[in-house]
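When you line the sequence shown up against this note's numbering, it's residues 5 to 408, in that order.
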Amino acid sequence: MKQAPGSKVPIFYLQISNFFSGVSNSVVMITIPWITLEITDSPAFAGLVVALSAIPSLLVAPFGGVLITRFGSKAVSIFADLLSALSVVAFPLLAITGNLTGASILFFALLGAIFDPLGYTARKTMIQPASEKAKFDIHRLNGIHEGLLGTSWIIGPALGAWLVALVGAANSFWVVCGFFVIAALAIALVRSSDLQTSTPASSEERSSFSNLTLGFRRICEDRFLRTLILAVLVIAAIYLPTESIILPTHFESINKPLDLGIVISALAAGSTISAFAYGWLVQRMSGKVLIRIAFIGASLGTLGMAFLPGFGLMILFAVILGLSWGPFTPFLTSKIQSRFPSHEHPMVFSAQTSVFYAAPPIGMLLVGFGVEAFGLSPTYLFLAVTMLIVSALALVSRPIRTES
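Below, the structure is given as structure tokens:
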């Protein structure tokens, strides 16, 4: 297919892949904890599954930049989505044969988690070259990319909950498999020349694994990014267990899977709206204001949800949390794109992904045991208060206060 200069075709296919991969992962975030609770009836084991499934990602993520630099973002993205599709097929097949156990769920959750950071990082590095080829504003495209990812998290949890109620958690993985295949095919339709950066890596950089630590070094050298990413690391360790353990445990205990999907979708809806608005917001307010809104709003929204209010209030606080945090991810992406040359983006984005995978497994494991030892409500309140304290400390730190 011939494309005119400035064609937006690469952007279209990139966002199709971004969306369907996001839907797949958001459905899995609902169905794996749910099916684990169905089989084991143990929040602690559900927390263990979610925590351990993050470990392969943590180990693989640092190599993402090296693999992308060596083989190209297109090849890595296709590879990751196709292998993810194969890993999720195991769930319905094992269910059919009667061999779906806690141990088998843990094994295939671990296997599937290997490929997620590779695909995520590869698609992230495609944003700038796609923007350059299409002559499309990079801030607006960052917002669209995160907004569509957020949209997938609106549809995915609701779809996952609906599938659990209609056909059962195991059979929902057939749909997940199909979505991963669509994500891979979309990237396959993008020409490789449309994904080349304006400052390509040298042949030595493409062939050498010695640059494995480059992204980490770049982040550590930048005081602002180092402080910001460290704060988000702690917040992620606090917040992610609420979606993967606390909320599923709460709604599973009252047998309302659809309510779980609606609450998480409400959170994603707020995040999506403000992420789409990022290109507009960044022209009207400073980075410091965006950071304050993200940290304060997300903390207050989490605190409100931690009291486990009625369904209506739970949705309201979820929307507040999402609206506050939505612009943060495209903001951080834009900062990385503007502070480092494009041929270093795979390494820096890979390091960022690695850092974000570091603490959540510990948080998920501790939260699972905390729920069993102290109860759901006290554990949730403790997490919310801790998140509020960390946000306050980050906002008064010198690197963030002095950033323009």
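Ideal Cβ positions, reconstructed from N, Cα and C, are used throughout, including at glycine.
Please classify residue i as buried or exposed, where buried requires at least 16 neighbouring CB atoms within 10 angstroms.
i, result
"Glu-208", "For Glu-208, the predicted structure reports a pLDDT of 47, less than 50, and the residue's modelled location is therefore unreliable. A value from the coordinates is still provided. Its Cβ having fewer than 16 others within 10 Å, Glu-208 is exposed."
"Glu-225", "exposed"
"Met-5", "Only weak support is given to the placement of Met-5: the predicted model assigns it a pLDDT of 45, under 50, and the question is left unresolved by the model."
"Lys-137", "buried"
"Trp-284", "exposed"
"Met-289", "exposed"
"Asn-29", "buried"
"Arg-127", "buried"
"Arg-402", "exposed"
"Phe-112", "buried"
"Ser-1", "With the chain covering 5 to 408 only, the question about residue 1 has no answer from this structure."
"Met-391", "buried"
"Arg-222", "buried"
"Gly-314", "exposed"
"Gln-287", "exposed"
"Ser-342", "exposed"
"Ile-393", "exposed"
"Thr-217", "exposed"
"Gly-379", "exposed"
"Ser-196", "exposed"
"Ala-165", "buried"
"Leu-317", "exposed"
"Ala-241", "buried"
"Val-293", "exposed"
"Ala-322", "buried"
"Leu-52", "buried"
"Val-64", "buried"
"Leu-193", "exposed"
"Leu-62", "buried"
"Val-375", "buried"
What residues in its chain sit with their C-beta under 8 Å from that of residue i, if we drop five residues either side in the sequence?
i, result
"Leu-399", "Ile-295, Arg-296, Phe-299, Ile-300, Arg-405"
"Pro-252", "Ile-34, Pro-37, Trp-38, Leu-41, Ala-50, Leu-264"
"Ile-43", "Leu-104, Thr-105, Gly-106, Ile-109"
"Gly-291", "Phe-335, Lys-339, Glu-407, Ser-408"
"Ser-77", "Ala-126, Arg-127, Thr-129, Met-130, Leu-199, Pro-350"
Using three-state DSSP, classify residue i as helix, strand or coil.
i, result
"Gly-314", "coil"
"Thr-44", "helix"
"Arg-221", "helix"
"Ser-338", "helix"
"Ser-11", "coil"
"Arg-2", "Any question about residue 2 goes unanswered here, given that the chain covers just 5 to 408."
"Gly-76", "coil"
"Asp-263", "helix"
"Leu-104", "coil"
"Thr-246", "helix"
"Ser-211", "At Ser-211, the pLDDT of 48 sits below 50, so the modelled position is not reliable; the number obtained from the coordinates is stated separately. Note: Ser-211 maps to helix in three-state DSSP."
"Thr-406", "coil"
"Asp-85", "helix"
"Ile-258", "coil"
"Gly-26", "helix"
"Ala-270", "helix"
"Asn-146", "helix"
"Gly-172", "coil"
"Pro-161", "helix"
"Ala-281", "coil"
"Gly-69", "helix"
"Pro-60", "helix"
"Gly-326", "helix"
Report all residues from its chain with a CB closer than 6 Å to the CB of residue i; omit the five preceding and five following residues, and keep chain order.
i, result
"Phe-95", "Ala-174, Phe-177"
"Ser-395", "Phe-299, Ser-303"
"Ala-388", "Thr-306, Leu-307, Ala-310"
"Ala-89", "Cys-181, Phe-184, Val-185"
"Pro-93", "As written in the sequence, residue 93 is Val, which differs from the Pro given in the question. Counting only Cβ-Cβ distances below 6 Å, and skipping sequence neighbours, we find Cys-181."
"Tyr-282", "Gly-147, Pro-331, Pro-334"
"Phe-228", "Pro-403, Glu-407"
"Thr-337", "Asn-146"
Which same chain residues, not among the five before or five after residue i, have their C-beta less than 7 Å away from its C-beta?
i, result
"Ser-381", "Leu-312"
"Asp-85", "Ser-25, Gly-123, Phe-184, Ala-187, Ala-188"
"Ile-277", "Leu-327, Gly-330"
"Ser-91", "Phe-112, Leu-115, Gly-116"
"Gly-367", "Ala-241, Ile-242, Leu-244, Pro-245"
Check whether the segment 11-28 touches the segment 143-154, taking contact to mean three or more Cβ pairs, one atom from each stretch, closer than 8 Å.
Touching, yes, given that three or more Cβ pairs across the two stretches are closer than 8 Å.
Examine the Cβ distances between the segment 62-73 and the segment 347-357 and report whether three or more of them are shorter than 8 Å.
Using a C-beta cut-off of 8 Å, the segment 62-73 makes contact with the segment 347-357, since at least three inter-stretch Cβ pairs fall below that distance.
Identify every run of the alpha helix (DSSP H) within the segment 286-312, keeping only runs that are complete inside it and at least 4 residues long; order them along the chain.
Scanning the segment 286-312 from its first residue to its last, the whole alpha helix (DSSP H) runs of 4-plus residues come out as 291-310.
Which runs of the alpha helix (DSSP H) fall wholly inside the segment 115-144 and span at least 4 residues, in chain order?
Scanning the segment 115-144 for uninterrupted alpha helix (DSSP H) segments of 4 residues or longer gives 120-129, 131-138, listed from N- to C-terminal end.
Between the segment 96-105 and the segment 20-37, do at least 3 Cβ pairs fall closer than 8 Å?
Fewer than three beta-carbon pairs drawn from the segment 96-105 and the segment 20-37 are found closer than 8 Å, and the two stretches are therefore not classed as touching.
Segment contact flag, the segment 244-261 with the segment 138-145, C-beta cutoff 8 Å, min 3 pairs
Judged by Cβ distances under 8 Å, the segment 244-261 makes no contact with the segment 138-145, as fewer than three pairs qualify.
Counting Cβ pairs closer than 8 Å, one from the segment 77-87 and one from the segment 114-129, do we hit at least three?
Pairwise C-beta distances place the segment 77-87 in contact with the segment 114-129, as three or more of them are shorter than 8 Å.
Contiguous beta strand (DSSP E) assignments of at least 3 residues, all confined to the segment 334-402
Here no run is fully enclosed.
Would you say the segment 374-389 touches the segment 156-167, given that touching needs at least three Cβ pairs under 8 Å?
The segment 374-389, when compared against the segment 156-167, does not touch it at the 8 Å Cβ threshold.
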